[in-house]
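Worksheet: one structure, shown below.
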Amino acid sequence: MLIDWAHFTPLASLGGGLLIGAAVALFILFNGRIAGISGIVGGLLRPSRGDVVWRLAFVVGLVSAPLLYRVFAALPESRIDAGWAVLVAAGLLVGVGTRYGSGCTSGHGICGMSRLSPRSLAATLLFMAGGFLTVFFVRHLLGA
Numbered sequence: 000m001l002i003d004w005a006h007f008t009p010l011a012s013l014g015g016g017l018l019i020g021a022a023v024a025l026f027i028l029f030n031g032r033i034a035g036i037s038g039i040v041g042g043l044l045r046p047s048r049g050d051v052v053w054r055l056a057f058v059v060g061l062v063s064a065p066l067l068y069r070v071f072a073a074l075p076e077s078r079i080d081a082g083w084a085v086l087v088a089a090g091l092l093v094g095v096g097t098r099y100g101s102g103c104t105s106g107h108g109i110c111g112m113s114r115l116s117p118r119s120l121a122a123t124l125l126f127m128a129g130g131f132l133t134v135f136f137v138r139h140l141l142g143a
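For the record, in the sequence shown the residue sitting at position 23 is 22 according to numbering that gives the first Met the number 0, with numbers rising by one throughout.
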């Protein structure tokens, strides 16, 4: 295995991780809720009184942050080597998985793991195993 030193960014990655950790800690401290994206967006789909404004503000912040970043710096180039059908199928599978797993990678992997939740540990291990198996299947068995 070779490391692509031109794209190896440990300090930027550490900084991003620290910012995510601080944001999650502040969110639970001031809002008393877990910053799991699937739960926040799911709450918008079946809203309850007094619960919509903060959820909407969170989602607007998620969407607008890259747009604001683009004002100050160039966004990194992104390339997706899949068609719309694959992307839609993948999105639906992720959505079904978050419902069965009672949360998403941000809820379990960041918030739950930091709280030492056994359920989140199991969910995160399954997320990772699913990703490893998918990459192995697609790259080595299908040859894509």
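Virtual Cβ for every residue (Gly too), placed ideally from N, Cα, C.
Item, Value
"Check each candidate in R48, G142, A128, W53 and name the one with the smallest Cα separation from I36.", "W53"
"Tell me whether the segment 52-70 and the segment 119-132 touch, counting them as touching only if at least three CB pairs, one residue from each stretch, are closer than 8 angstroms.", "no"
"Have a look at L67, L125, S105, T133 and flag the residue whose alpha-carbon is nearest the alpha-carbon of R38.", "The amino acid occupying residue 38 in the given sequence is Gly; Arg does not appear at that position. Looking at the Cα atoms, S105 is the closest of the given residues."
"Kindly give me the distance between the Cβ atoms of H107 and T123, rounded to whole angstroms, as I take these residues to be in contact under 8 angstroms.", "5 angstroms"
"What's the call for T8, buried or exposed, on a 16-neighbour Cβ count within 10 Å?", "exposed"
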